[in-house]
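J.: Mind looking over this structure? Questions follow.
Residue numbers (this note's numbering): 193 to 719.
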């Protein structure tokens, strides 16, 4: 054989040997990687059993390294497959890389072994602590059982019976304490409310300096002499008939010297008649033609006065936006009185009081003043239409588009309906304060006596009442009851029933105090 053939054979053998060595080393690396993966898996499984907390860390670490190793191996395999024909230098470099990977894996295996050992130690410590806790728990349960048995033996009752007794006792004490606290809170709240109400009312009254002297409509016209009576009567009474027809009043000419009495249920008509007669007396020309002229002038002057009175009242009250017809109707109250109290002045006073109390309590001041000014406006037309001044006033306010709150306050100021707003309550209170002021109202002696008699009749109509006296000008009724027929609790009930019946059957200014007295006297004579 030629040398060239031998050389080729030698080179082929060398290449085969090199390739075989490469394949052998490759298989060794893959086997070692396989063993490393199995070891990592065993370490991972063991770490999972040892601790849940470190399990996640070990799993993540294992996955990360396995993935890293797999990526490296796959990369190496791809490189080896693509570069099978690469030179020996590249093969050595790949081998070196594989060697470095193996070293790193070995280091990681050592680290995992150390962590596994640490986990085992911690698990052992935890087991020892759990055993210690279990032992202490068993001792505590045993001690509790001995104490329970001892307590049952001493008390001669079961645990459920003892618990029931304790619960019942605590419940009774809690109910008693709660009832006492509720009574204390109610008493405190009542005292504070009464004190606050007194302060608010007193402050409102002090800040409201209203005129207490009531103006009454003049119904008597003074004449310069008695001869003027004949001139006013006229020939065959034609002048007086003309006056009565033009004014709508009744003229009473009697023996009263130098005076004529004007009688009419309408105060505006009385005022027109008064001014017309005074002008006729001053003019001296009294005849039917001049009478009609003077009456028309008096009507215009009275209407002007009414309008001015309404405008002044609205300006003084500080209420804006009222319908002109409401303002004119409000001015008519200048000639209207109630128990001798001028209704226009009374309305202004109620307006001031309601506004002051609303400002103290944080309510709607403008609403309270508006409702207070209009609360008695129905009295201006109550002689012209049927119905109470409350319903007439509410209809009038509703007609001229006042708010529902104002209409409600007008309807509620005499308890015709139950007040639903704080402003309605304030108007009701201000109306009572204004009417109850000393000297604000007066009534005839006959009506006064009838009211006192009615008050005593109502009180004596109840069973068990022995004596009854109306005192303090009818603002208090003092009732003596028979102690053998009425108990202490019955006296309280009797006072409440008498007060309700007085409210239902009587009309009176202000308030009436019902004072029931039950007294027991024992008399014995020593002989």
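Each residue gets a CB set at the ideal place from its N, CA and C atoms; glycine is no exception.
As the structure is a prediction and not an experimental result, all values here were calculated from the model.
Just to confirm, are residue 564 and residue 542 a CB contact at a threshold of 8 Å?
T.: Cβ distance < 8 Å, so residue 564 and residue 542 count as in contact.
J.: Could you tell me the alpha carbon to alpha carbon distance between residue 649 and residue 715, rounded to whole angstroms?
T.: 31 Å
J.: Tell me whether residue 444 sits in a helix, a strand or coil according to DSSP, three-state version.
T.: strand
J.: I'd like to confirm the pairing. Which residues does DSSP put opposite residue 710 in its beta bridges?
T.: Answer by DSSP bridge pairing, in chain order: 673.
J.: Can you tell me which residues form a DSSP beta bridge with residue 660?
T.: 671
J.: Count the other CB atoms within 10 Å of the CB of residue 208; is the residue buried (16 or more) or exposed (fewer)?
T.: exposed
J.: If you pair each beta-carbon of the segment 517-531 with each one of the segment 540-555, do three or more pairs fall below 8 Å?
T.: In short, these stretches do not touch, since the Cβ pair count stays below three.
J.: Mapping the DSSP letters down to three states, classify residue 534 as helix, strand or coil.
T.: In this structure, DSSP gives residue 534 an extended state, which the three-state scheme calls strand.
J.: Let me make sure I understand the geometry here. Which of 706, 700, 233, 603 has the alpha-carbon closest to that of residue 579?
T.: Cα-wise, what sits closest to residue 579 is 603.
J.: Leaving out the 5 sequence neighbours to the left and right, which residues in its chain are closer than 8 Å to residue 690 when beta-carbon positions are compared?
T.: 650, 651, 654, 669, 671, 706, 708
J.: If you count every other CB in all the chains shown that lies within 10 Å of the CB of residue 403, and 16 or more means buried, which is it?
T.: Low confidence applies here, because residue 403 scores a pLDDT of 48, under 50, leaving its location unreliable; read the following figure in that light. Flag for residue 403 reads exposed.
J.: Decide if residue 505 is buried, meaning its Cβ has at least 16 other Cβ atoms within 10 Å, or exposed.
T.: buried
J.: Would you mind sorting residue 607 into buried or exposed? The rule is 16 or more other CB atoms within 10 Å of its CB.
T.: exposed
J.: Residue range of the beta strand (DSSP E) that residue 413 falls in?
T.: 412-414
J.: To which residues of the same chain is residue 514 closer than 7 Å at the C-beta, ignoring the five residues directly before and after it?
T.: 506
J.: Any idea what DSSP makes of residue 471, helix, strand or coil?
T.: helix
J.: With a cut-off of 8 Å on the beta carbons, I'd call residue 584 and residue 570 a contact; round off their distance for me.
T.: About 4 Å separates the two Cβ atoms, so the contact holds.
J.: Tell whether a beta-carbon distance below 8 Å holds between residue 626 and residue 518.
T.: Between residue 626 and residue 518, the CB-CB gap reaches or exceeds 8 Å.
J.: Following the continuous beta strand (DSSP E) through residue 453, name the residue where it begins and the one where it ends.
T.: Note, residue 453: beta strand (DSSP E), 451-455.
J.: State the CB to CB distance for the pair residue 420 and residue 473, rounded to an integer number of angstroms; the pair is presumed to be in contact (CB under 8 Å).
T.: 6 Å
J.: Could you name the residues of the same chain whose beta carbon sits closer than 8 Å to that of residue 451, not counting the 5 residues immediately before and after it, in chain order?
T.: Same-chain partners within the cutoff: 412, 413, 414, 415.
J.: Return yes when the Cβ of residue 242 is within less than 8 Å of the Cβ of residue 320, no when it is not.
T.: no
J.: Where do the ends of the alpha helix (DSSP H) carrying residue 681 lie?
T.: 680-697
J.: Would you grab the beta carbon distance between residue 561 and residue 510 for me? Rounded to a whole angstrom, and I think it's under 8 Å.
T.: The Cβ separation is near 7 Å, so the contact holds.
J.: When the Cα atoms are used, what is the spatial distance from residue 329 to residue 256?
T.: 44 Å
J.: Bridge partners for residue 529 per DSSP, in chain order?
T.: 534
J.: Taking all protein chains shown into account, do 16 or more other C-beta atoms lie within 10 angstroms of the C-beta of residue 216, making it buried, or fewer, making it exposed?
T.: exposed
J.: Considering only C-alpha positions, which residue in the set 353, 370, 253 is nearest to residue 304?
T.: 253
J.: In the DSSP assignment, the alpha helix (DSSP H) including residue 507 goes from what residue to what residue?
T.: 480-509
J.: Less than 8 Å between the CB atoms is what I'm expecting for residue 466 and residue 454, so what's the real figure, rounded?
T.: 6 Å
J.: Just mark residue 408 as buried or exposed, buried being the case when its beta carbon has 16 or more other beta carbons within 10 Å.
T.: In this prediction, residue 408 has a pLDDT of 46, which is less than 50 and means its spatial position is unreliable; what the coordinates show is noted afterwards. Classified as exposed, residue 408 has fewer than 16 neighbouring CB atoms from the shown chains inside 10 Å of its CB.
J.: Tell me where the alpha helix (DSSP H) around residue 516 begins and ends.
T.: 516-524
J.: Compute the distance between the beta-carbons of residue 435 and residue 483, then report whether it is under 8 Å.
T.: For residue 435 and residue 483, yes; Cβs fall inside 8 Å.
J.: Select from 428, 418, 425, 469 the residue whose C-alpha is nearest the C-alpha of residue 448.
T.: 418
J.: Between the alpha carbons of residue 433 and residue 664, how many angstroms are there, rounded?
T.: 47 Å
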